[in-house]
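Written out below as structure tokens is the structure these notes cover.
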Amino acid sequence: MAAAQVMSSSAAARDSILQAIRRARAGADAVPDAPPAYRTPAALLGGIEQFCAYAGEEAATSEHVGRMEDVPPAVLRYVTGQGLAMRVVVAADLDLDAAVWAAAQPLQITGGPVERDGDTLVTGCYAGVAEAGALIMLSSSGVPNEAKFLAATHIAAVRAVDILPTFEALWTRLRGDFTDRWPRTMNWIVGPSRTADLGVPSKLGAHGPARVHIIIIDA
-15 MAAAQVMSSS AAARDSILQA IRRARAGADA VPDAPPAYRT PAALLGGIEQ
35 FCAYAGEEAA TSEHVGRMED VPPAVLRYVT GQGLAMRVVV AADLDLDAAV
85 WAAAQPLQIT GGPVERDGDT LVTGCYAGVA EAGALIMLSS SGVPNEAKFL
135 AATHIAAVRA VDILPTFEAL WTRLRGDFTD RWPRTMNWIV GPSRTADLGV
185 PSKLGAHGPA RVHIIIIDA
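Number 151 in this note's numbering belongs to position 167 of the sequence shown; there are no gaps in the numbering.
Here you go:
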């Protein structure tokens, strides 16, 4: 009698396990092929003001100009205000005629190379990301990647329409812009370079630019 009860109990346990497996398998077809799309919290869906605020928290500065042609005067104001040398290296990705730069004298415009820890570098910018105050810089044949890390001061010009709310929006744009071949290097720059070692006072310019200034082009 006892043996029969043990066998009955074992059979019941087995049946219970098999039923649980069947229930789990029955719902397998209902599982979506891809996880649901990530929904960005509303608090992160900021715009240009949020971008400037977060960049400012990381010691970057910013200003607005109306048009691309207003970038050279803005560079002159910044360089003069910071007491920097008038020699400015302008990257090839900043689409401005020499005549526009000539109107911003006494700036001395050159195409490089960047002198380590001494020059001011002015570049364009692929995009900005508001949720982090980040500048998204892509490498190209005309803009050496190392230039962004050798200059003492980095001035980046970014169009307001290129400031995206989130990193998810950035990846969506990248996939649309580069369907075949992506840039070899992409850098996310959030403020000036600084030390990050524990127990060591933070120092700007430790491994790259000590100053990052963002010029936002509204038009």
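For glycine and all other residues, C-beta sits at the position ideal for the given N, C-alpha and C.
Since the structure is predicted, the reported quantities are computational estimates derived from the model, not experimental observations.
Problem - Pick from Ala141, Pro176, Thr150 and Thr169 that is closest to His48, judged by C-alpha positions - result: Ala141
Practice task
Compare the C-alpha of Arg178 against each of Val184, Ala69 and Gly189 and name the closest.
Solution key: If we check each option's Cα against that of Arg178, Gly189 comes out closest.
Practice task
Answer yes if the stretch 107 to 117 comes into contact with the stretch 84 to 98, meaning at least three C-beta pairs across the two stretches below 8 Å, and no otherwise.
Solution key: no
Problem - Extent of the continuous alpha helix (DSSP H) to which Val84 belongs - result: That run of the alpha helix (DSSP H) goes Ala82 to Ala86.
Practice task
Give the DSSP-derived three-state secondary structure of Leu78 in the structure shown.
Solution key: coil
Practice task
Assign Leu105 to one of two classes, buried (16 or more other C-beta atoms within 10 Å of its C-beta) or exposed (fewer than that).
Solution key: buried
Exercise for the section: Express the C-alpha separation of Glu41 and Gly65 in angstroms, rounding to a whole number. Expected result: Cα to Cα, Gly65 sits roughly 21 Å from Glu41.
Exercise for the section: To the nearest angstrom, report how far apart Thr156 and Gln3 are at their CA atoms. Expected result: Straight-line Cα distance between these residues: approximately 43 Å.
Problem - Simplified DSSP state of Thr169, which is helix, strand or coil - result: It is coil, neither helix nor strand.
Problem - CB contact flag (Val84, Pro56, <9 Å) - result: Between Val84 and Pro56, the C-beta spacing is below 9 Å.
Exercise for the section: Tell me, please, which residues DSSP counts as bridged to His191. Expected result: Bridge pairing for His191: absent [DSSP].
Handout entry: Local conformation of Leu91 per DSSP, three classes
Key = coil
Handout entry: Segment contact, 8 Å Cβ cut-off, at least three pairs: the stretch 112 to 119 with the stretch 93 to 103
Key = no
Exercise for the section: Could you tell me the boundaries of the beta strand (DSSP E) in which Thr107 lies? Expected result: Element bounds for Thr107: Thr104 to Thr107.
Problem - Coil, strand or helix - Arg9 by DSSP - result: helix
Handout entry: Cβ neighbours of Met52 in the same chain (closer than 6 Å, five flanking residues each side left out)
Key = Ile201
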